[in-house]
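Data first, discussion second: the structure below is written as structure tokens.
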Amino acid sequence: MNRITTLRSLSNDLKPFSSIPGPRSVPFFGTSWKYFPIIGNYDFHRLHEAGMKKLKEYGPVVKEEIVPGVFFVTLFDPEDIAKMYKAEGRYPERRSHLAVEHYRLLRPNIYNSGGLLPTNGSEWWRLRSAFQKSLSRIQDVRLFLPTTDSITTEFLNGVIKADVIIEDVLPLLSRLNLELTWSAVFGERLYSFDSSNLCENSIPSQIITAAEGANTSILGTDNTANIWKWFKTPLYVRLERHLTFIERIVLDTIDKLSKEKKHSQHDDRYTGSLIAQYLNCPAVDVKDVVGMAVDLILGGIDTTTFTSCFILYHLGVNKQIQEKLKDETCILLTAKNSPVTSDILNKATYTRAVLKEVFRLNPISVGISRLIKEDCNFSGYFVPAGTAVITQNQVACLSEKNFLQPYAFIPERWIRGSESFTPVSPFLVLPFSHGPRTCIARRLAEQNLLTFIAKVSRGYKIDWHGEKLGVITPLINKPDKPVRLSFQPRDL
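According to the numbering used here, the sequence shown holds residues -19 to 472 in order.
Printed below as a string of structure tokens:
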């Protein structure tokens, strides 16, 4: 008797799907009314707070019908989250980026499919298996490290003003992370933080605006009835405008690089960039590559920018931890501008612990979603195959059930042998998801962030000058206030 048959035979012993608690659903609006101003007590911009309210009111499994006729089951317990991943199947599916897929399918002259972010099934695997080859092996990702180190050093030396309060460092970090993403994808520089590109109508400025604007629109189009398929809602028009701009820049850049390649057969940047490797891959064509390039821009800027902001915040308010980090980086980087190498990253134990603790308190998103392929038992409730399931990792990571002092920033909790170390479920801190559909650029993003932590802590003492920093949740978790900091150079 296989697992599915066993679970179906036991389904009579489980509480039925219809009995899963959750907000009351009403005709036409489902449970989305709970997110309306005045009458509702949830906020799409504070999904972590809404999650905490749901957990307190309904327990570890919650059912909602945010889009009428589409049920979502939300999970808070790490054991249930682990079960969800086990039930995701060979080709993990999710209900996400629906309007992005719609936009691309209307442009068959540019795209073959919805692309890696929204596509499911065998078509997703065709793209994933081809594109992940350049990003899955750590030795391949390490090839980008010298450029990452060089760009990060240039940014810190040229952009960060010493002993001056920066009212909001987020826009500056957006330029750093656009530059890092662009150089890896296309093998060329945009010079995003050059003084000539700081104006709002420069190409780097417009790319940053378009990427965040598109990401912000995605959650709204996912969580409303799909009337934008037949009538262009204001939110869809906004998404379309931003996607069209990024698409145009990507098409122009790929065309330019392709022409240059014909005259520069031995130029290393063409073999080193992701786009060059993708264009040489027989399993995909240029339409697939265009979609992947746009996806990397959409996913590569805001995730690392916002995480970098949270890194600086936690270091700025936790001086003792900042000093421990400095002690490690001073040993690993003998001089302020010493390059970060693969060997240094392998030895950077406390640096990695700092990043993981940042991801625990401020993950990239509140959780992830899957369409489960098997019937499941979640905390005693029967949930049938095909149901959309959403994890609430951010809320789970702030529970005393899962962590001691859950609101305290304690990197030592991740270091074996430390007094603060306690084994926890591996399904709690999953900033890039888990399994076959984990973020395709996870290793590259981690490398960029570890390099940033090492370089900034080695070169500067960081002071926080703002209010307590919280989170808003447009799609990617973002600081809810200006990231107000000062940087004092270290005399080392």
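For each residue, glycine too, the CB sits at the ideal point set by N, CA and C.
Computed from a prediction, not measured in an experiment: that's the story for all the values here.
Asked, Found
"Between the C-alpha atoms of Tyr71 and Lys141, what's the straight-line distance to the nearest angstrom?", "48 Å"
"Where does Tyr258 fall in DSSP's three states?", "helix"
"For Arg350, which three-state DSSP category applies?", "strand"
"Helix, strand or coil: which one does DSSP assign to Lys327?", "helix"
"Terminal residues of the continuous beta strand (DSSP E) containing Asn357?", "356 to 358"
"Would you mind reading off the limits of the beta strand (DSSP E) that contains Ile370?", "368 to 371"
"CB-CB under 7 Å to Thr161, same chain, minus the five flanking residues each way: which ones, in chain order?", "Leu276, Ile277, Gly280, Ile281"
"At the level of alpha carbons, what is the spacing between Ala365 and Asn357?", "11 Å"
"Report the rounded CA-to-CA distance for Phe339 versus Lys242, giving the unit in angstroms.", "43 Å"
"Answer yes if the region 300 to 318 comes into contact with the region 359 to 377, meaning at least three C-beta pairs across the two stretches below 8 Å, and no otherwise.", "no"
"Here's a check: name, in chain order, each residue in its chain whose Cβ is nearer than 7 Å to the Cβ of Pro98, leaving out the five neighbours to either side.", "Ser76, His77, Leu78, Val80, Glu81"
"Can you give me the start and stop residues for the alpha helix (DSSP H) that Trp104 sits inside?", "101 to 111"
"When burial is assigned at 16 or more other CB atoms within 10 Å of the CB, is Trp384 buried or exposed?", "Strictly speaking, residue 384 in this sequence is Leu, with Trp absent from that position. It is exposed - the Cβ of Leu384 has fewer than 16 other Cβ atoms within 10 Å."
"Would you kindly report the start and end of the unbroken alpha helix (DSSP H) that includes Ile46?", "Run containing Ile46: none in the alpha helix (DSSP H); it sits in the beta strand (DSSP E), 41 to 47."
"Roughly how many angstroms lie between the CA atoms of Ser413 and Leu85, to the nearest whole one?", "26 Å"
"Nearest to Phe432 by alpha carbon, out of Ser253, Lys236, Ser130?", "Ser130"
"Apart from the five residues just before and just after Asp(-7), which ones in its own chain have a Cβ nearer than 7 Å to its Cβ?", "none"
"Which residue wins for smallest C-alpha separation from Gly20, given the options Pro1, Ile46, Gly39, Ser(-1)?", "Ile46"
"Using the C-alpha atoms, what's the distance from Phe286 back to His445?", "18 Å"
"Check this for me: beta carbons of Ala62 and Phe124, under 8 Å apart or not?", "no"
"My output table needs one value for Ile146: the three-state DSSP class, helix, strand or coil.", "strand"
"Along the chain, which unbroken stretches of the alpha helix (DSSP H) at least 4 residues long are found entirely within the region 380 to 442?", "422 to 439"
"How is the alpha helix (DSSP H) around Phe475 delimited, first residue to last?", "The structure shown does not extend to residue 475, since the chain is modelled only from -19 through 472, so no value can be given for it."
"Going by alpha carbons, who is nearest to Ile187 out of Arg221, Lys212, Thr201, Ser12?", "Arg221"
"Is it the case that the Cβ atoms of Phe24 and Pro48 are separated by a distance below 8 Å?", "no"
"Any contact of the region 169 to 183 with the region 34 to 41, i.e. 3+ C-beta pairs under 8 Å?", "no"
"Looking at the unbroken alpha helix (DSSP H) that takes in Val363, where does it start and where does it end?", "That residue, Val363, is in no alpha helix (DSSP H); its beta strand (DSSP E) goes 361 to 363."
"DSSP three-state call for Met(-19): helix, strand or coil?", "Confidence is the limiting factor: at Met(-19) the pLDDT is only 49, short of 50, which leaves the residue's position unreliable and the question unanswerable from this model."
"Check Ser466 in the structure and name its three-state DSSP category.", "strand"
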